[in-house]
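Residue numbers (this note's numbering), protein chains in the order written: chain A, 80 to 395; chain B, 80 to 395. As structure tokens, the structure follows; a few thoughts come after it.
There are 2 protein chains.
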Amino acid sequence: MSVFTKVSPHQVSLWLENYAVGELVEMSGIAAGIENTNYFVTTSQGEFVLTLFERLTAAELGFYLNLMAHLAHHGIPCPAPVADRQSALLGALAGKPATLVTRLSGAPISRPTAQNCEAVGAMLAQMHLAGRSYAGTQENPRGANWWRETAPKVTAFLDPSRAALLASELEFQFGQRAESLPRGPIHADLFRDNVLFESAGEAPRLRGVLDFYFAGVDTLLFDVAVTINDWCIDDRGEIDASRAQALLGAYGRRREFSPSEHEAWPAMLRAAALRFWLSRLDDFYCPRPGELTHAHDPEHFRRILELRRTKVCPLR
Amino acid sequence: MSVFTKVSPHQVSLWLENYAVGELVEMSGIAAGIENTNYFVTTSQGEFVLTLFERLTAAELGFYLNLMAHLAHHGIPCPAPVADRQSALLGALAGKPATLVTRLSGAPISRPTAQNCEAVGAMLAQMHLAGRSYAGTQENPRGANWWRETAPKVTAFLDPSRAALLASELEFQFGQRAESLPRGPIHADLFRDNVLFESAGEAPRLRGVLDFYFAGVDTLLFDVAVTINDWCIDDRGEIDASRAQALLGAYGRRREFSPSEHEAWPAMLRAAALRFWLSRLDDFYCPRPGELTHAHDPEHFRRILELRRTKVCPLR
């Protein structure tokens, strides 16, 4: 159960008086979520999610909440932060930064089909296109600077072969040039559990994209690589060609990949694997004090990184 | 069938390329609607309504679309205009100003209960409170200036008793002072067919408020009076006390009525009846060229006006 901060219905009722969303009907804690405390909140006017932020500060949250508002305003089915009576997207509750967002329907799927991957690719391209007009500039918080800080911390815990792999990959990645690649706000964490689907007749419908709290401005291709490395792999971590083609094809029809992106693709799939290997190593060996979550196995992304170093998947 | 301007799926598909809402899956014309052409549009990402404006100009539409965006952003369940890739809320299609808005669930109800009226009162107060931070300033397009223009046009068609009633009521209304009444953006047309309800268990849930194309800045109390005159009347046009109390009570708990509003209430109920008697007379006797709609019977609001002149309903 990931409700770190308990708030009572009475506290929430009072807090909602600063909004135009009606009165509290019922609320319940949400078990999922690693970084924040979330409650489903039903009011007389609709269904919302209340998020209390445990890690991020009000200053950092501006980029995320305004990005979600921007994307929702452009028709992307992401949670839309609701403005309060002073038109602020961020408030405070129980001493934590807090926000109310619209609740989306649908549920995550654990075993995606090529059809699901096609929908995800289409959505990702639409999100990148809609993001172009967003003014926020915060860089990817898990980008190269963060790799540089984190690698020395975790290397001490690694056996020689893994330490060598990490050092070799970092050296390779720092030799890459990304200046010519299209950039913009990216989700940067578009894993299966952050996308909601509903079945409407025979066709699955993508109904929601969640959890923008690792978003930042970076190369759009990095976002595609993160997504492929989760949505289009088999049990061993190998890329499944038919799902990858479905995702990349749907993306490419909406935003054509540039020649420099085709060239950068193999290195980018490695960078996307490296980023999650590093963060999982960090969560595993250097948990923050009081952290309650179960760290994911870092080996999953070590294996994916090894596979991407030896085998190339085309960007189409 | 109120589809005045026909557009093909091919036209809509091309038009949607300027949005981040996915590809057209299907579309169908909407029969309801007097002033605009509306289509339900299903895309790979969601459900929308495409509106082509037959009467309003791009210049006038800015106030309405930005108001709807403002209210939706504050959690009011009204259609949210979707921004295109240039972040514009208004485009053009088939030579008409056109917009894409989110589609709401639920359906209008023709015989409201006190519970429905309570929900409408709560929503109206929330809308007025959320509207306070809206910057648009367009005045109510069917306010006193419009009465002044319209009355002479229709008086020629009226029998002496009705002409006398109209003259008498206008004289009375022009003698009223509204300076001390709270003002803000009002819906100004919150009739039963502009509110969507869904049944969730035993309680009806208000799911949508539609059709802001008569909105404007005016006294908030006028909006309350328009709403009471439609939601809380019996078959003869008399105010039903239990429904009126449910609506006014729910409203007043969220935004307390001021002493000047209590004083102005009887005249405001008459003003709200006059406004719709006048517009129905105008639609009936002076239809615009090419107008295809069935004009409503003006007598309905003539009777309501007569009733409000003789019998006072308390503002609570």
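Heads up, the beta-carbon is just placed ideally off N, CA and C, and yes, glycines get one too. Just so you know, these numbers come straight off a predicted model, no measurement behind them.
- prompt: Over what stretch of residues does the beta strand (DSSP E) that includes A177 of chain B continue unbroken?
  reply: K175 to T181
message: Any contact between the stretch 167-176 of chain B and the stretch 239-258 of chain B? By contact I mean 3 or more CB pairs, one from each, below 8 Å.
response: no
message: With a threshold of 7 Å between beta carbons, is Y118 of chain A in contact with chain B?
response: no
- prompt: Would N308 of chain B pass as a contact of I188 of chain B if the rule is Cβ separation under 7 Å?
  reply: no
message: Short of 8 Å in beta carbon distance, which residues of its chain neighbour P176 of chain B, apart from the five on each side in sequence? Order them along the chain.
response: L131, F132, L135, T136, A137, L140, L169 and G170
query: How would you label P231 of chain B, buried or exposed, when you count the other beta carbons within 10 angstroms and need 16 or more for buried?
result: exposed
message: If I measure Cβ to Cβ from D272 of chain B and keep anything under 6 Å in the same chain, skipping five residues before and after, which residues do I get?
response: P187
- prompt: Which residues mark the beginning and the end of the alpha helix (DSSP H) in which R284 of chain B is found?
  reply: That residue, R284 of chain B, is in no alpha helix (DSSP H); its beta strand (DSSP E) goes A282 to V288.
query: Skipping 5 residues on each side, what residues in its chain have a beta carbon closer than 7 Å to that of G185 of chain A?
result: L275, F276, E277, R286 and G287
- prompt: Using a C-beta to C-beta distance shorter than 7 Å, which residues of chain A count as neighbours of G101 of chain B?
  reply: A201 and Q205
- prompt: Using 8 Å as the threshold, is the stretch 201-216 of chain B in touch with the stretch 339-359 of chain B, meaning 3 or more CB pairs across them?
  reply: no
query: From the beta carbon of S166 of chain A, is the nearest beta carbon of chain B less than 7 Å away?
result: yes
- request: Starting from S212 of chain A, find everything on chain B with Cβ-Cβ shorter than 9 Å and list it in chain order.
  value: A162, R164, Q165 and S166
task: Using DSSP bridges, identify the partner residues of A262 of chain A.
output: The residue you asked about is not Ala; residue 262 of chain A is Arg in the sequence shown. Bridge partners of R262 of chain A: A:T298.
query: What is the DSSP secondary structure of E96 of chain A, reduced to helix, strand or coil?
result: coil
query: Leaving out the 5 sequence neighbours to the left and right, which residues in its chain are closer than 7 Å to A351 of chain B when beta-carbon positions are compared?
result: F301, A304, V305 and N308
- request: Mind checking the stretch 115-144 of chain A against chain B and listing, in chain order, the residues whose C-beta falls within less than 7 Å of any C-beta there?
  value: S123, Q124 and G125
- prompt: Would you report the Cα separation of R367 of chain A and D361 of chain A, rounded to the nearest angstrom?
  reply: 9 Å
query: What residues from chain B crowd round L208 of chain A, counting only those whose CB sits closer than 7 Å?
result: A99 and R164
- prompt: Which chain B residues are close to I155 of chain A, counting only those with a beta carbon under 9 Å from its beta carbon?
  reply: A99, V100 and Q124
- prompt: Using a C-beta cutoff of 7 Å, does H266 of chain A count as contacting chain B?
  reply: no
message: I need the straight-line Cα distance from T84 of chain B to T116 of chain B, nearest angstrom please.
response: 6 Å
task: In angstroms with no decimal places, state the Cα-to-Cα distance between W226 of chain B and H266 of chain B.
output: 18 Å
field: Which of helix, strand or coil DSSP assigns to N56 of chain B
entry: This structure cannot settle anything about residue 56 of chain B, because the visible part of chain B is limited to 80 through 395.
message: Can you tell me which residues form a DSSP beta bridge with G316 of chain B?
response: Its beta-bridge partners do not exist; DSSP assigns none.
query: Counting along the chain, where does the beta strand (DSSP E) carrying S358 of chain A start and finish?
result: Where S358 of chain A is concerned, there is no enclosing beta strand (DSSP E), although the alpha helix (DSSP H) it sits in stretches over P338 to Y364.
- request: Leaving out five residues on either side along the sequence, give the residues of the same chain with a beta carbon under 8 Å from the beta carbon of L260 of chain A.
  value: T298, L299, L300, S337, S339, E340 and A343
- prompt: Excluding the five sequence neighbours on either side, which residues of its own chain have a C-beta within less than 8 Å of the C-beta of L208 of chain A, listed in chain order?
  reply: R333 and R334
task: Starting from the beta carbon of A198 of chain B, find every residue of chain A whose beta carbon is closer than 8 Å, and list them in chain order.
output: S123
message: Closest to G154 of chain A by C-alpha separation, out of B:V296, B:Y143, B:T122 and B:H149, would be which residue?
response: B:T122
task: Give the residues of chain A in contact with H379 of chain B, contact being defined as C-beta atoms less than 7 Å apart.
output: Per Cβ cutoff of 7 Å: no residues; H379 of chain B is ~30 Å from chain A at best.
- request: Say yes only if the C-beta of L326 of chain B is nearer than 6 Å to one or more non-hydrogen atoms of the ligand ATP, and no if none qualify.
  value: The ligand content of the structure shown is nil, which means the ligand ATP is not present either.
query: At what residues does the alpha helix (DSSP H) containing S107 of chain A begin and finish?
result: Where S107 of chain A is concerned, there is no enclosing alpha helix (DSSP H), although the beta strand (DSSP E) it sits in stretches over L103 to G108.
- prompt: Under 7 Å between C-beta atoms, does H89 of chain A make it to chain B?
  reply: no
task: State buried or exposed for Q90 of chain A, treating a residue as buried only when at least 16 other CB atoms are found within 10 Å of its CB.
output: exposed
task: Using three-state DSSP, classify L394 of chain B as helix, strand or coil.
output: coil
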